[in-house]
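Novice: Per the UniProt record's numbering, the very first residue in the sequence shown carries number 1; after that it's consecutive.
Here it is: the structure, laid out below.
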Amino acid sequence: MKLDVDVLRYLSKDDFRVLTAVELGMRNHEIVPIELIDRIARL
């Protein structure tokens, strides 16, 4: 899946926090549990 860079300007700060949390969670998990995303993103 490719990221459409035109959409980046419309992402909120929370969206970036979730994306970053998913990337960090993928270091140890192929599929990142929602609870882990929530814990990392602190939303």
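Ideal Cβ positions, reconstructed from N, Cα and C, are used throughout, including at glycine.
Quick caveat: nothing in here was measured; it's all calculated off a predicted structure.
Can you tell me which of the three DSSP states residue 30 falls into?
Specialist: Assigned with DSSP and collapsed to three states, residue 30 falls in coil, not helix or strand.
Novice: Pick from 8, 22 and 6: whose alpha carbon is nearest that of residue 41?
Specialist: 22
Novice: According to DSSP, is residue 4 helix, strand or coil?
Specialist: Note: residue 4 maps to coil in three-state DSSP.
Novice: Pull up the CB-CB distance for residue 43 and residue 25, whole angstroms please, since I reckon it's below 8 Å.
Specialist: Wrong, their Cβ atoms sit about 14 Å apart, outside the cutoff.
Novice: How would you write the range of the alpha helix (DSSP H) that residue 17 sits in, first residue to last?
Specialist: Run containing residue 17: 13-25, per the alpha helix (DSSP H) assignment.
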